[in-house]
Amino acid sequence: MSTYIGKQAIVIGAGMGGLSAARAVSDFFEQVVVLERDTLPTNPIHRMGTPQSQHVHALLTSGLNALRALFPSFEQDLIRAGAVPLKVALDVRLERPGFDPFPQRDLGWLVYSMSRPLLEHTVRRQLHEYPNITVRQRCRAESVSTTADGGRVRAVQCKTRDGTSEVLPADMVIDASGRGSPTLAVLRSLGGPPPEETVIGVDCHYTTALIPIPPTAPTDWKGVFTFPEAPTSTSGALMLPIEGNRWIVGLGGQHGASAPAEWEGFLRFAEQLRTPTVYDAIKHAAPPERLPQFGFPESVWRHFERLPDLPTGLLPLGDSICRFNPIYGQGMSVATHEALALHRLLNSRRVLGDPLVGLSGAFFEEALALIDAPWAIAASLDFVYPQTRGQRPPDFENTLKFGRALNRIAALDPAVHKLTLEVQHLLKPRSALRTPELVERVQAEMAAMS
Ligand SMILES: Cc1cc2nc3c(=O)[nH]c(=O)nc-3n(C[C@H](O)[C@H](O)[C@H](O)COP(=O)(O)OP(=O)(O)OC[C@H]3O[C@@H](n4cnc5c(N)ncnc54)[C@H](O)[C@@H]3O)c2cc1C
Numbered sequence: 001m002s003t004y005i006g007k008q009a010i011v012i013g014a015g016m017g018g019l020s021a022a023r024a025v026s027d028f029f030e031q032v033v034v035l036e037r038d039t040l041p042t043n044p045i046h047r048m049g050t051p052q053s054q055h056v057h058a059l060l061t062s063g064l065n066a067l068r069a070l071f072p073s074f075e076q077d078l079i080r081a082g083a084v085p086l087k088v089a090l091d092v093r094l095e096r097p098g099f100d101p102f103p104q105r106d107l108g109w110l111v112y113s114m115s116r117p118l119l120e121h122t123v124r125r126q127l128h129e130y131p132n133i134t135v136r137q138r139c140r141a142e143s144v145s146t147t148a149d150g151g152r153v154r155a156v157q158c159k160t161r162d163g164t165s166e167v168l169p170a171d172m173v174i175d176a177s178g179r180g181s182p183t184l185a186v187l188r189s190l191g192g193p194p195p196e197e198t199v200i201g202v203d204c205h206y207t208t209a210l211i212p213i214p215p216t217a218p219t220d221w222k223g224v225f226t227f228p229e230a231p232t233s234t235s236g237a238l239m240l241p242i243e244g245n246r247w248i249v250g251l252g253g254q255h256g257a258s259a260p261a262e263w264e265g266f267l268r269f270a271e272q273l274r275t276p277t278v279y280d281a282i283k284h285a286a287p288p289e290r291l292p293q294f295g296f297p298e299s300v301w302r303h304f305e306r307l308p309d310l311p312t313g314l315l316p317l318g319d320s321i322c323r324f325n326p327i328y329g330q331g332m333s334v335a336t337h338e339a340l341a342l343h344r345l346l347n348s349r350r351v352l353g354d355p356l357v358g359l360s361g362a363f364f365e366e367a368l369a370l371i372d373a374p375w376a377i378a379a380s381l382d383f384v385y386p387q388t389r390g391q392r393p394p395d396f397e398n399t400l401k402f403g404r405a406l407n408r409i410a411a412l413d414p415a416v417h418k419l420t421l422e423v424q425h426l427l428k429p430r431s432a433l434r435t436p437e438l439v440e441r442v443q444a445e446m447a448a449m450s
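Note that our numbering has the sequence shown beginning at 1, numbered continuously upward.
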């Protein structure tokens, strides 16, 4: 007897969300087809459809855990492909005002650093293990159609590069297109309102260089994060080692800070950062061929959870629901956890007569819980700049002071240091930082600081 709940699921987009979702639903549908408009490279190199992939992409431990759960041999494959293991809090030199550097210590926990193309390539390779998943490249989803009453998805219309159109029947359609346009188009065609949005105008700008790590590289760190003296400056640097013995160096900032796309200007920007660490490390490098740039004007959270149920079988996922300020490295972790949540939900609902009815409401509740914490972490830092647009979190000044005092305690106390990182890596809820004992210590520190 078949244990599947449907014949075919279509996933729009072969980015991190789409690939993870394809794996998640492959246990429940006879066939899963991933449609990707790009040509998918056979090597881990950049492709057009994910322009952000040329920039630093840190994978938080929470995201690593989700990928481990979805793909049992993911971690081994990632290591074999050349990802660089980093000891959290030890191997990356964290430079923030008042701590240059923040105490480096081994907290007994590893993360991996690699380019986004390598990460995606590794996940794509993992999908080969699942014979019922097909990835169709150079195939753009043009629209999603529903039954006449709009109650259920029916098919996806797509177009290949040679102009051939096809209609693919679908019991389920996951919109992992990054922009959510297919879902919004369905809502429009049914005459429904679009989801409400929460928007934070952050105006981030990245310019990125890939450079070989020289033999003279410092030995007391493998990567550096240099944070600005906020709010007077917004310029900073994110520099990590990646496969191929290279550094990926991202310079930029918010609200107008932007490093030039030519090498001399890029170096001058590095030289003017708050500390000389990054400049000293890269100043003798040969100019890279290209210095790609990326502008990210605003974080956007679409509140699908506030709408009545979507047509049965239709689900947006990943950036189609929420695009986070990239500086905090949360987007891929949330997208992969949404895929895991979808797996859990389908598994628990497979006993129901029609497991897809009401799925979107249940999924958006899970997504809300997954998005809430990283969104709040980002907002609590974004609004340090008066230029940031949007609704400031309540009691913002106090939250800022609390954060500063907590950092001072974390610098001295390895257990608190570990706890703050567990929250940043989305392993523990923010409430873990509000236990009565810790709040008391932080309040004492706040009093001492004032
Ligand atoms: C500069 C920058 C740096 C970032 N750094 C980090 C970081 O350090 N850590 C982190 O976790 N996150 C980071 N992010 C966020 C991360 O890139 C996204 O959250 C993540 O890629 C979301 O995955 P997704 O699958 O939803 O969308 P995407 O990865 O954007 O994938 C969407 C895919 O859909 C395809 N597509 C679109 N429309 C169609 C269509 N009609 N038909 C077929 N295919 C289609 C696209 O070609 C693409 O392949 C960063 C983002 C930016 C902009």
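The beta carbon of each residue, even a glycine, is placed where N, CA and C say it ideally should be.
List the whole-angstrom C-beta distance separating residue i from residue j, where the pair is believed to meet the contact cut-off of C-beta under 8 Å.
| i | j | result |
| --- | --- | --- |
| Pro414 | Ile5 | Pro414 to Ile5, Cβ: 47 Å. No contact. |
| Leu317 | Ala21 | 5 Å |
| Ser177 | Ile371 | Between Ile371 and Ser177 the Cβ distance is about 18 Å, and since that is not below 8 Å, they are no contact. |
| Tyr328 | Pro386 | Contact doesn't hold; Cβ gap of about 20 Å is too wide. |
| Gly253 | Pro228 | 7 Å |
| Leu187 | Leu421 | At roughly 39 Å, the Cβ-Cβ gap does not stay under 8 Å, so Leu187 and Leu421 are not in contact. |
| Thr219 | Met16 | That pair is no contact at about 33 Å. |
| Ala185 | Phe266 | Not quite, the Cβ-Cβ distance comes to about 40 Å (not below 8 Å), so this is no contact. |
| Gly180 | Ser333 | At roughly 19 Å, the Cβ-Cβ gap does not stay under 8 Å, so Gly180 and Ser333 are not in contact. |
| Leu86 | Gly223 | 7 Å |
| Leu78 | Thr122 | 5 Å |
| Ala170 | Gly18 | Not a contact, Cβ separation roughly 14 Å. |
| Leu433 | Leu419 | 7 Å |
What does DSSP give as the partner residue(s) for residue i in the beta ladder?
| i | result |
| --- | --- |
| Thr435 | Beta-bridge pairing links Thr435 to no other residue. |
| Lys87 | Leu110 |
| Val300 | Val199, Arg323 |
| Trp247 | Ile211, Pro241 |
| Ala141 | Cys158 |
| Arg96 | Phe99 |
| Thr312 | Arg152 |
| Phe501 | Within the shown structure, residues of the chain are numbered from 1 to 450, placing residue 501 beyond reach of any answer. |
| Met503 | Missing from the structure shown is residue 503; the chain here goes from 1 to 450 and no further. |
| Gly252 | Tyr206, Gly236 |
| Arg344 | In DSSP, Arg344 forms no bridge with anything. |
| Arg389 | Gly201 |
| Thr50 | According to DSSP, Thr50 bridges with nothing at all. |
| Thr146 | Val153 |
Taking the alpha helix (DSSP H) that residue i falls in, what are its first and last residues?
| i | result |
| --- | --- |
| Glu262 | Note, Glu262: premise wrong, no alpha helix (DSSP H); not H, not E. |
| Tyr279 | 277 to 282 |
| Glu365 | 359 to 382 |
| Glu120 | 116 to 127 |
| Ser181 | 181 to 189 |
| Ser62 | 61 to 70 |
| Gln79 | In the sequence under discussion, the amino acid at residue 79 is Ile, which differs from the Gln named in the question. Segment 74 to 80, the alpha helix (DSSP H) holding Ile79. |
For the beta strand (DSSP E) that contains residue i, what are its first and last residues?
| i | result |
| --- | --- |
| His484 | Only positions 1 to 450 of the chain appear in this structure, which leaves residue 484 out of reach. |
| Thr160 | 153 to 160 |
| Ser165 | 165 to 169 |
| Lys420 | Lys is not the amino acid found at residue 420; the sequence shown has Thr there. Element bounds for Thr420: not the beta strand (DSSP E) but the alpha helix (DSSP H), 414 to 424. |
| Phe225 | 223 to 226 |
| Arg136 | 133 to 136 |
Legend entry - Contact between the region 293 to 302 and the region 270 to 278 (3+ Cβ pairs under 8 Å): no
Legend entry - the region 335 to 352 contacting the region 189 to 202, beta-carbon criterion three pairs below 8 Å: no
Inset, instruction - Let me know the alpha helix (DSSP H) ranges lying completely inside the region 9 to 40, each 4 residues or longer, listed in chain order. - result: 16 to 25
Inset, instruction - State whether the region 296 to 310 contacts the region 182 to 196, with contact taken as three or more CB pairs (one from each stretch) at a distance under 8 Å. - result: yes
Legend entry - the region 113 to 128 contacting the region 240 to 254, beta-carbon criterion three pairs below 8 Å: yes
Inset, instruction - Pair every Cβ in the region 50 to 61 with every Cβ in the region 150 to 157, then say whether three or more of these pairs are closer than 8 Å. - result: no
Inset, instruction - Decide yes or no for the touch test of the region 130 to 150 against the region 158 to 170: beta carbon pairs closer than 8 Å, at least 3 of them. - result: yes
Inset, instruction - Tell me, please, whether the region 123 to 137 touches the region 66 to 76 by the rule of three or more beta-carbon pairs shorter than 8 Å. - result: yes
Inset, instruction - Mind the definition here: the region 31 to 41 touches the region 90 to 104 only if three or more C-beta pairs lie below 8 Å; say whether that holds. - result: no
Inset, instruction - Answer yes if the region 439 to 448 comes into contact with the region 392 to 405, meaning at least three C-beta pairs across the two stretches below 8 Å, and no otherwise. - result: yes
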